[in-house]
Amino acid sequence: MDCKTLTLFNFLSTFISIAELIIHPSNEVNLLDSKASQGELGWISSPSHGWEEISGVDEHYTPIRTFQVCNVMEYSQNNWLRTNWIPRNSAQKIYVELKFTLRDCNSIPMVLTCKETFNLHYLETDEDQGSMFREHQFSKIDTIAADESFTQMDLGDRILKLNTEVREVGPMTKKGFHLAFQDVGACVALVSVRVYFKKCPFTVRNLAMFPDTVPTDSQSLVEVRGSCVNHSREEDPPKMYCSTEGEWLVPIGKCLCNIGYEERGFACQACRPGFYKASSGNVECSKCPPHSYTHLEGAVHCDCEKNYFRAEEDPVSMACSRPPSAPRNVISAINETSVILDWSWPADSGGRKDVTFNVVCKRCWPGPRQCEPCLGAVRFLPRATGLTNTTVTVVDLLAHTNYTFEIEAQNRVSSQAPTVRQYAAVTITTNQAAPSAVTVIRKDRTSRNSISLSWMEPERPNGIILDYEVKYYEKQEQETSYTILRSKGTNVTLNGLKPDTTYLLQIRARTAAGYGSSSHKFDFETSPDSFSISSENSQVVLIAVSSAVAIILLTVVLYIVISRFCRYSKSKHPDEKRLPFGNGHLRLPGIKTYVDPHTYEDPSQAVHEFAKELEASCIAIDKVVGAGEFGEVCSGRLKLPSKKEICVAIKTLKAGYTEKQRRDFLSEASIMGQFDHPNIIRLEGVVTRSKPVMIVTEYMENGSLDGFLRKHDAQFTVIQLVGMLRGIASGMKYLSDMGYVHRDLAARNILVNSNLVCKVSDFGLSRVLEDDPEAAYTTRGGKIPIRWTAPEAIAYRKFTSASDVWSYGIVLWEVMSYGERPYWEMSNQDVIKAVDEGYRLPPPMECPATLYQLMLDCWQKDRNNRPKFEQIVSILDKLIRNPSSLKITASTASRPVNLLLDRTSTDITSCHTMGDWLESARTLPCKDAFSGVSYSSCNTLAKTSAEDFKKVGVMIAGPQKKIVSSLTTLEMHSKNGPVPV
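If you use mature numbering (1 follows the signal peptide of the UniProt record, and there is no 0), the sequence shown corresponds to residues -18 to -1, 1 to 963, in order.
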């Protein structure tokens, strides 16, 4: 038996040892599968005695068509096998899966030539080539070698070893192609050939349908727009990205079910009878509230039962209700010509909490029931209608008169109910009335032993006033010993009083009905001297004395504040001198400290120890808001079980990342997860067990602090700015207490929420600091943000909490200047040189002197002389409690002149016209305001005040600041000669 016959026999009668997968992944579309054909495949073999098509069975005894060749007993083999024409459909990249067996050449005796490989080729064409076959037209894909070959022993055991190889071909541009297999002297059997391409299969995500999508080879991701399922609408345009592997990635946007429909499965279905849904959204239909119903599917509200109502402003989720019953247990308490009415809550409030009460007053006569509404003079305290309490006082009634009061309970649905009033009534008779109280008392004259007083008659005498009772006593006696005088008129003189003594006095009137109520207590003081003064002169003297005392007290307070700040700037805390280089933190037992995640042997262990793992299904990405070094930055929502949905910020790790990039990306989460403070950005969790990898933090609506301040230039009060700075300092104090050094504290790394709460963020210098190449100065060991970094950190890379304090001083300057760039257009090298030579940033416009002094303290060259964050928080708290200390602004005349900007500066002497100066001061929007006014030269303009600017129409704070800053330079020029601007 020759070799070829032996191989054929062995293949037909031998089971393949590896079971094949019958069902392929849903994202693969077959263009050719030789196993699916039960008849002859009809492929072309050249020469005809080369590849041979035979029938066989697999391990399940299913018939299959295979090809084999084994001409190893002859030299110079070149056997070709070409498939039929295969249309590529819409695919640009195809995959070829080959399953074959190959015999070990060493196991074939007396072999002349033998290979253990064969070649795979292809030819792109727009139409079927038929029987025409030319070898040179084909392009080689790859040489196919077997991982395992069989031997004579395997033939004896009747087990062949099946090899599977997959090759990628593309991109393809023509309508179809032929595959060809070239044998150059191997003993091989081709069991099956499958040609397929990958696609992202039809799917429904967030109620949006995404069609079958074939990825292109031109880009890594294909953006696909989804369409909403029936009975839904777009909230945000739904999109997903199809990858080259046929996988859907990064769902963005979503659809919401229409009103009357809820999400069930992957569709929006109508609410069942007895349920409703009044708003669009992916929430379930709600059961009809009490006393309401619906018999229809897809209901948007439920109808009220009979005798139940819903107010116009009531939400459809509120139960239907009815009017309340009448008030109960009305009690009246009569006091001469006033009455206090009190009642109990209705037995049935109608199912509502908005019950109010109306009181109707009627004046009645004896005999047959004759009543009329009360006159307008009657007053109700607090009012007659819309009462929320169960009591009312009625005053200014007539004496000895019958009144009936009807008290009615109402709610918002009372107007919809049948017109049957539900009220409780009470009838009373008033008594004789005493006069009202005296309200106005004047001091006419005082002396060492007497006081002359006069007063106005009571507003309601309620009859003829017989006399007045005057009761007075020394204030220090507290009414233990008093004197009473009676006066027929509205004035009296009190004699026999002690000099320089304060007296309390009350007056009440008497009629035939008795005494009225006493007046409020008035206090009067006798004179210390023998002379007397009028009340008018007394008031003038009192005002003068008070003003003098206030001025003296203000002077003393200012002196104390300035003295304390001077002492503070010169003092050194003893602990500051003991701080070693390192993290700048003295750790105390029992205090939580920061743990560096890079010290972990397995960095992923740090992530899982400090950060909460979130399920990707709990996160909904709404939109992409930016791009970071590692991937996209998105906004979205986080909904955890049994918790309220919250807005979050999401950082994603881009596809194709390395393990180092993944570790660096998650290290920031390992750091943030250790912090818990209201002024530190809060980490919600991470997603590491699915793609894409994500870091989820709280969402800060107003973004970074520098951009927020520039957007709202000059729109905040100094107290508001100090409050923001206090929050930043509090967060940094917490980090310092934890032993953590930030190293990149800047306004761009402070985030602001909707309540103007500032939170420290961006915990890692591994990222790119800014797009501007000048933002960071590269030294050995990484990048340093020069403009914000302390000198010792730049020179020696010594980062401590003290270097963070230096950075905080720069942040303080950024806040008070509303987001200006520190050191303006100076280069980083110039900044380093200037700071080393003692240059410090000047105070921003209208910056309080106390805050600029705090900046200078933070910028002490000796780091031991800088304040601690704990001291900074204490200083800011004192300023907030004492806002008057912020009214003294730093002197603009004392600002350091920036001599380092001479490369781009404009000599002030070169401005010959007003336009030239305005051009140099960059105040072109105000240029027209100065035209035609008396400012004709730079020398004249140098004497201009802020009030003068308002007169010519420069009302905006921003241009005023720039103009005044330039005027300062003008003034210095006028004294010292040319100064660069």
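Beta carbons are placed, not taken as given, at the ideal position from N, Cα and C, and that holds for glycine.
Quiz item: Alpha carbon to alpha carbon, how far is CYS96 from GLY167?
Solution: Using only the alpha carbons, I get a separation of about 5 Å.
Quiz item: Should SER303 and GLY332 be called a contact, given that it needs their Cβ atoms to be closer than 7 Å?
Solution: yes
Exercise. Could you tell me which residues DSSP pairs with ARG803 in its beta bridges?
Key: Residue pairing of ARG803 in beta bridges, as defined by DSSP: absent, with no partner found.
Quiz item: With a CB to CB cut of under 6 Å and the five nearest residues on each side skipped, what residues in its chain are close to PRO825?
Solution: If we look at PRO825 and ignore the five residues flanking it on each side, its Cβ neighbours are TYR834, ALA872.
Quiz prompt | The beta strand (DSSP E) enclosing GLY158, as first and last residue numbers | solution = Element bounds for GLY158: 158 to 165.
Quiz item: For MET714, which three-state DSSP category applies?
Solution: helix
Quiz item: How many Å lie between ILE515 and ARG424 at the Cα?
Solution: Reliability of the predicted coordinates at ILE515 is poor, the pLDDT of 44 falling under 50, and no value is obtained from them.
Exercise. Take VAL232 as the anchor and find which of LYS605, TRP795, MET714 has the nearest alpha-carbon.
Key: LYS605
Quiz prompt | Euclidean distance between Cα positions of THR155 and ILE603 | solution = 36 Å
Quiz item: How about PRO220 and ASN240: do their beta carbons lie closer than 7 Å?
Solution: Between PRO220 and ASN240, the C-beta spacing is not below 7 Å.
Quiz item: Helix or strand or just coil, what does DSSP make of MET114?
Solution: Reduced to three states, the DSSP call for MET114 is coil.
Self-check item: Residues near ASP505 by beta carbon distance below 8 Å, same chain, minus five either side
Solution: LYS457, THR484, TYR485, LEU486, LEU487
Exercise. Closer than 8 Å by C-beta to ARG70: which residues in its own chain qualify, once you throw out the five before and the five after it? Chain order, please.
Key: Closer than 8 Å at the Cβ level, and outside the excluded window around ARG70, lie LEU13, ILE76, MET154, LYS156, LYS157, GLY158, PHE159, PHE179.
Quiz item: What is the C-beta distance between ALA419 and SER320, in whole angstroms, given that I count them as a contact (C-beta under 8 Å)?
Solution: So it is not a contact: roughly 13 Å between Cβ atoms.
Self-check item: Exposure label - LEU94; buried when at least 16 CB within 10 Å
Solution: Classification of LEU94: exposed, given that the 10 Å Cβ count is below 16.
Practice problem: Identify whether LYS869 lies in helix, strand or coil by the three-state DSSP scheme. | Solution: coil
Quiz prompt | Best match in ASN53, PRO443, GLU56, PRO849 for proximity to ALA415 [C-alpha to C-alpha] | solution = ALA415 has its Cα closest to that of PRO443, out of ASN53, PRO443, GLU56, PRO849.
Quiz item: Is the region 638 to 655 close to the region 583 to 599, with three or more CB pairs under 8 Å?
Solution: yes
Exercise. Below 8 Å CB to CB, which residues in the same chain sit around ILE46 once its five sequence neighbours on both sides are set aside?
Key: SER16, LYS17, SER37, GLY38, VAL39, ASP40, VAL173, SER174
Exercise. Determine the direct distance from the alpha carbon of ASP86 to that of GLU130, and round the result to whole angstroms.
Key: 9 Å
Quiz item: Residues in its own chain within less than 6 Å of PHE851 by CB, not counting five upstream and five downstream?
Solution: ALA711, MET714, LYS715, SER718
Exercise. Return the chain-ordered list of same chain residues with a C-beta closer than 8 Å to the C-beta of ARG644, the five sequence neighbours on each side being excluded.
Key: LEU635, VAL675
Quiz item: Under three-state DSSP, which class holds ASP378?
Solution: coil
Practice problem: Quick one: give me the first and last residue of the beta strand (DSSP E) that ILE234 is part of. | Solution: 230 to 239
Quiz item: So PRO767 packs on ASP812, CB below 8 Å; how close in whole Å?
Solution: Not a contact, Cβ separation roughly 16 Å.
Exercise. State whether the region 310 to 329 contacts the region 280 to 292, with contact taken as three or more CB pairs (one from each stretch) at a distance under 8 Å.
Key: no
Quiz item: Given 8 Å as the limit, is there contact between the region 469 to 476 and the region 436 to 456, that is, 3 or more CB pairs closer than that?
Solution: yes
Quiz item: From ALA816 to MET798, what does the alpha carbon distance come to, in whole angstroms?
Solution: 22 Å
Quiz item: Does the distance from the C-beta atom of GLN392 to that of THR338 stay below 7 Å?
Solution: yes
Quiz item: For ASP818, which residues from the same chain have a beta carbon less than 8 Å from its beta carbon, with the 5 sequence-adjacent residues on both sides left out?
Solution: PRO773
Quiz item: How many Å lie between VAL51 and GLU117 at the Cα?
Solution: 18 Å
Exercise. Can you grab the Cα-Cα spacing for the pair ASN145 / LEU80, in whole Å?
Key: 8 Å
Practice problem: Taking 8 Å as the threshold, find out whether the region 801 to 810 comes into contact with the region 845 to 860 through three or more Cβ pairs. | Solution: no
Quiz item: Helix, strand or coil: how does DSSP classify PRO830 here?
Solution: strand
Quiz item: Taking the alpha-carbon positions, what's the LYS932 to ILE870 distance?
Solution: For LYS932, the pLDDT reaches just 49, beneath the cut-off of 50, and the residue's location in the model is therefore unreliable, leaving the point undetermined.
Quiz item: If we ignore side chains and look at the alpha-carbon of each, how far apart do ASP124 and CYS224 end up?
Solution: C-alpha separation (whole angstroms): 28 Å.
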